[in-house]
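So the sequences go chain by chain: U and V.
The first sequence lines up with residues 716 to 931 when you count with the working numbering.
The second sequence lines up with residues 44 to 163 when you count with the working numbering.
By construction, the Cβ of each residue, glycine as well, lies at the ideal position given by its N, Cα and C atoms.
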Amino acid sequence: MGGMTNSRETWPDVLDGFDGITRIWDSKHRLCAAKILPGEYYVTRTHEIITTVLGSCISACIRDPLSGVGGMNHFMLPGDTKRSLGRWGGGECLETRYGIAAMEKLINDILKQGGSKDRLELKLFGGGTVLAMDVNNIGERNIEFARQFVRAEGFSIAAEDVGGPHPRKVNYFPRTGKVMIRRLRSLQTKAILDREKRYESNLASEDQSCEIELFD
Amino acid sequence: MKILVVDDSFAMRMMVVRTLRQAGFNGKDVSQAEDGAAALEQIRKNPPDLVLADWNMPNMTGIELLETLRAEDNDVAFGFITTESTREMRQRATDAGAQFLVSKPFTAESLEKALNTVVN
Numbered sequence: 716m717g718g719m720t721n722s723r724e725t726w727p728d729v730l731d732g733f734d735g736i737t738r739i740w741d742s743k744h745r746l747c748a749a750k751i752l753p754g755e756y757y758v759t760r761t762h763e764i765i766t767t768v769l770g771s772c773i774s775a776c777i778r779d780p781l782s783g784v785g786g787m788n789h790f791m792l793p794g795d796t797k798r799s800l801g802r803w804g805g806g807e808c809l810e811t812r813y814g815i816a817a818m819e820k821l822i823n824d825i826l827k828q829g830g831s832k833d834r835l836e837l838k839l840f841g842g843g844t845v846l847a848m849d850v851n852n853i854g855e856r857n858i859e860f861a862r863q864f865v866r867a868e869g870f871s872i873a874a875e876d877v878g879g880p881h882p883r884k885v886n887y888f889p890r891t892g893k894v895m896i897r898r899l900r901s902l903q904t905k906a907i908l909d910r911e912k913r914y915e916s917n918l919a920s921e922d923q924s925c926e927i928e929l930f931d
Numbered sequence: 044m045k046i047l048v049v050d051d052s053f054a055m056r057m058m059v060v061r062t063l064r065q066a067g068f069n070g071k072d073v074s075q076a077e078d079g080a081a082a083l084e085q086i087r088k089n090p091p092d093l094v095l096a097d098w099n100m101p102n103m104t105g106i107e108l109l110e111t112l113r114a115e116d117n118d119v120a121f122g123f124i125t126t127e128s129t130r131e132m133r134q135r136a137t138d139a140g141a142q143f144l145v146s147k148p149f150t151a152e153s154l155e156k157a158l159n160t161v162v163n
């Protein structure tokens, strides 16, 4: 096996903790593609694609160009969309804990794999207002949170494609930093939103099982 | 009660401080540090009653901070707030003398419950 592509027979190893992520063969790019769903994230050290479909959710694509580690998450803020996010990267509003945790998990795993915080390149996608009747502007709120978080943590945004009336399919190549976006037609919108809705209601039940361990 | 919040994420520190305020802990009693090393310096100068620390941080991690404190015979109450919590981490935290471990994204209720064990 040579160059930057993998042969279908020798898929790159998956890093510890990401065995649950579905990977498929992308025959167009001749690369392995990790498909992430709402609430999931994926980090890799090898040349592969991370792909997801976003309605009003946000994905941050983050990599360290020097060490070659990169990853992507997929999240949204649930709950009362009218409540102000406040300042400080959304730290004033409790709903943002999901967003902060999603960002932190991704960044921590990149750092654990040898990434350096001061070299991280960050791109943001999604946050669409994909339904005309979405008066709560869920997408806008997700964008606002992501931008505030990035600012509060001292990162800058290298590229973004956010907002607007359409869902997006994102293909991220963490090895090179390249991102390919396909804006999807409204025909597919309902299925995407249904999946995001299910994810949002799961977040509420996750709260019930919020883990707390008291030691003796 | 003086509380020191230790996390390398600014947004997360704000979130913890906000939750503490909601649980009735006054802002002026809550201070912050951005990693274990900065926290250690603060604790030596101005000892808090409780340290709430992230696990993964640059310079000095949360568990290294706790182990250093205990090696110095400092028995300040110590709790972790982490995104990750494996069995090994929980074991190491208990062995080092931590009071609790709360995983993110935490709720105000779970943090309050953990804090009550220290307050009472």
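**Item:** Residues from the segment 130-153 of chain V in contact with chain U, defined by Cβ distance under 9 Å
**Value:** Within the segment 130-153 of chain V, those residues whose Cβ lies closer than 9 Å to any Cβ of chain U are, in chain order, R133, A136, T137, G140, A141, Q142, F143, L144, V145, S146, K147, P148, F149, T150, A151, E152, S153.
**Request:** Evaluate D51 of chain V with the Cβ neighbour count: other Cβ atoms within 10 Å of its Cβ, from every protein chain shown; 16 or more gives buried, anything less gives exposed.
**Result:** Residue mapping note: residue 51 of chain V aligns to position 8 of the second sequence, counting from 1. Flag for D51 of chain V reads buried.
**Item:** Burial state of Q134 of chain V (16 or more Cβ within 10 Å)
**Value:** What you label residue 134 of chain V is simply residue 91 of the second sequence in a count that begins at 1. Residue environment: Q134 of chain V is assigned as exposed (fewer than 16 neighbouring CB atoms within 10 Å of its CB, all protein chains considered).
**Request:** List the residues of chain V that N823 of chain U touches, going by C-beta distances under 8 Å, in chain order.
**Result:** Taking the first residue of the first sequence as position 1, residue 823 of chain U is located at position 108. The contacting residues are N99, T126, E127.
**Request:** State the beta-bridge partners of G843 of chain U as determined by DSSP.
**Result:** Your numbering for residue 843 of chain U matches position 128 in the first sequence. Under DSSP, G843 of chain U shares a beta bridge with no residue.
**Prompt:** Who are the near neighbours of G718 of chain U in its chain, counting only those whose CB is closer than 6 Å to its CB and skipping five residues on each side?
**Reply:** Taking the first residue of the first sequence as 1, we reach residue 718 of chain U at position 3. Low confidence applies to G718 of chain U: its pLDDT is 48, below 50, so where it sits in the model is not reliable, and the reading given next is rough at best. Shown here for G718 of chain U: not one same chain residue has a beta carbon closer than 6 Å to its own, the five before and five after excluded.
**Message:** Using only CA atoms, which one of U:L821, U:Y914, U:A919, U:E763 lies nearest to K838 of chain U?
**Reply:** As a working mapping, residue 838 of chain U is identified with position 123 in the first sequence. Answer by Cα proximity: U:L821.
**Asked** Counting only beta-carbon atoms, is Y813 of chain U nearer than 7 Å to chain V?
**Response** The residue given as residue 813 of chain U occupies position 98 in the first sequence. With 7 Å as the cut-off, Y813 of chain U counts as an interface residue toward chain V.
**Asked** Considering only C-alpha positions, which residue in the set U:L908, U:D876, U:N852 is nearest to A713 of chain U?
**Response** Because chain U spans 716 through 931 in this model, residue 713 of chain U falls outside it and cannot be assessed.
**Item:** The beta strand (DSSP E) enclosing Q75 of chain V, as first and last residue numbers
**Value:** Translated into positions along the second sequence, residue 75 of chain V becomes position 32. For Q75 of chain V, the enclosing beta strand (DSSP E) begins and ends at 73-76.
**Prompt:** For A867 of chain U and chain V, any beta-carbon pair shorter than 7 Å?
**Reply:** As a position in the first sequence, residue 867 of chain U is number 152, starting the count at 1. It does: the Cβ of A867 of chain U has a partner Cβ on chain V nearer than 7 Å.
**Asked** Can the beta-carbon of T904 of chain U be found less than 7 Å from the beta-carbon of V845 of chain U?
**Response** Looking up residue 904 of chain U in the first sequence gives position 189. Looking up residue 845 of chain U in the first sequence gives position 130. Contact flag set, yes.
**Item:** Buried versus exposed, by CB contacts within 10 Å (16 or more), T766 of chain U
**Value:** Position 51 of the first sequence holds residue 766 of chain U. Buried: at least 16 other Cβ atoms inside 10 Å.
**Request:** Label M787 of chain U either buried or exposed according to how many other C-beta atoms from any shown protein chain fall within 10 Å of its C-beta, with 16 as the threshold for buried.
**Result:** Translated into the one-based positions of the first sequence, residue 787 of chain U becomes position 72. The residue in question, M787 of chain U, is buried, as its Cβ has 16 or more Cβ neighbours within 10 Å.
**Request:** Would you mind stating whether L792 of chain U and G770 of chain U have Cβ atoms separated by less than 7 Å?
**Result:** Taking the first sequence and counting its residues from 1, the one referred to as residue 792 of chain U is at position 77. Taking the first sequence and counting its residues from 1, the one referred to as residue 770 of chain U is at position 55. Not a contact, by the Cβ cut-off of 7 Å.
**Asked** For I927 of chain U and chain V, any beta-carbon pair shorter than 7 Å?
**Response** Residue 927 of chain U sits at position 212 when you count from the first residue of the first sequence. For I927 of chain U, a Cβ of chain V is located within less than 7 Å of the residue's own Cβ.
**Prompt:** Comparing the C-beta of S74 of chain V with each C-beta of chain U, is any distance below 7 Å?
**Reply:** Taking the second sequence and counting its residues from 1, the one referred to as residue 74 of chain V is at position 31. Answer no: the Cβ-Cβ gap between S74 of chain V and chain U never drops below 7 Å.
**Assigned secondary structure, N159 of chain V (DSSP; H/G/I helix, E/B strand, else coil)** = Here residue 159 of chain V corresponds to residue number 116 of the second sequence, with the count starting at 1. Looking at N159 of chain V - three-state DSSP - the assignment turns out to be helix.
**Item:** R935 of chain U to Q863 of chain U span [Cα, whole Å]
**Value:** Outside the displayed range of chain U (716 to 931) lies residue 935 of chain U, so it cannot be described from this structure.
**Message:** Using a Cβ-Cβ cutoff of less than 7 Å, which residues in the same chain neighbour A141 of chain V once the five nearest sequence positions on both sides are dropped?
**Reply:** Counting from 1 along the second sequence, the entry for residue 141 of chain V is found at position 98. Here A141 of chain V has L109, F121, G122, F123 as same chain residues with Cβ atoms under 7 Å from its own Cβ, once five neighbours each way along the sequence are excluded.
**Chain-ordered neighbours of E819 of chain U on chain V, where CB pairs are closer than 8 Å** = Counting from 1 along the first sequence, the entry for residue 819 of chain U is found at position 104. At a beta-carbon threshold of 8 Å, the residues of chain V lying near E819 of chain U are S52, M55, T126, K147, ordered along the chain.
**Asked** Under 7 Å between C-beta atoms, does F790 of chain U make it to chain V?
**Response** Position 75 of the first sequence, counted from the start, is the residue given in the question as residue 790 of chain U. Not closer than 7 Å to any Cβ of chain V, the Cβ of F790 of chain U fails to qualify, so no.
**Prompt:** In three-state DSSP terms, what is M55 of chain V?
**Reply:** Position 12 of the second sequence holds residue 55 of chain V. DSSP places M55 of chain V within a helical segment (H, G or I) once states are collapsed to three.
**Prompt:** Which residues bound the beta strand (DSSP E) around L144 of chain V?
**Reply:** Stepping through the second sequence from its first residue, residue 144 of chain V is reached at position 101. Membership of L144 of chain V in the beta strand (DSSP E) is indicated by the continuous run 143-146.
**Request:** Answer with yes or no whether the minimum CB distance from M58 of chain V to chain U is below 7 Å.
**Result:** Along the second sequence, one-based indexing puts residue 58 of chain V at 15. Yes, M58 of chain V lies at the interface with chain U (some Cβ there is under 7 Å from its Cβ).
**Where K884 of chain U meets chain V, residues with beta-carbon distance less than 8 Å** = Counting from one through the first sequence, the residue named residue 884 of chain U turns up at place 169. Going along chain V, no residue has its Cβ under 8 Å from K884 of chain U, so there is no contact; the nearest lies around 27 Å.
**Request:** Let me know the secondary structure DSSP gives A816 of chain U once reduced to three states.
**Result:** In the first sequence, counting from the first residue as 1, residue 816 of chain U sits at position 101. The answer is helix: DSSP assigns A816 of chain U an H, G or I state.
**Item:** Residue closest to F840 of chain U, alpha-carbon to alpha-carbon, out of U:A816, U:V885, U:S831
**Value:** Your numbering for residue 840 of chain U matches position 125 in the first sequence. Of the listed residues, the one whose Cα sits closest to F840 of chain U is U:V885.
**Message:** Among U:G754, U:K743, U:G878, whose alpha-carbon lies nearest the alpha-carbon of L918 of chain U?
**Reply:** As a working note, residue 918 of chain U is residue 203 in the first sequence. U:G754 is the residue among U:G754, U:K743, U:G878 whose C-alpha sits nearest the C-alpha of L918 of chain U.
**Asked** In three-state terms, what does DSSP make of N857 of chain U?
**Response** If you number the first sequence from 1, residue 857 of chain U lands on position 142. Under the three-state reduction of DSSP output, N857 of chain U falls in the helix class.
**Option nearest K147 of chain V by Cα separation, candidates V:A54, V:T160, V:A76, V:I46** = Mapped onto the second sequence, residue 147 of chain V falls at position 104. Distance check between K147 of chain V and each of V:A54, V:T160, V:A76, V:I46 places V:A54 closest, using alpha-carbon atoms only.
**Request:** From the DSSP output, read off the bridge partner residues of Y887 of chain U.
**Result:** Working through the first sequence from its first residue, we reach residue 887 of chain U at position 172. Within the DSSP secondary-structure output, Y887 of chain U pairs in a beta bridge with U:I765, U:V894.
**Message:** For S831 of chain U, which residues in the same chain have their Cβ closer than 8 Å to its Cβ, ignoring the five residues on either side in sequence?
**Reply:** Along the first sequence, read from residue 1 onward, the residue named residue 831 of chain U stands at position 116. Here the set comprises D779, L781, S782.
**Asked** Going straight from the alpha carbon of F888 of chain U to that of E763 of chain U, what length do you get?
**Response** The count along the first sequence starts at 1 and reaches residue 888 of chain U at position 173. The count along the first sequence starts at 1 and reaches residue 763 of chain U at position 48. Computed Cα separation, rounded: 6 Å.
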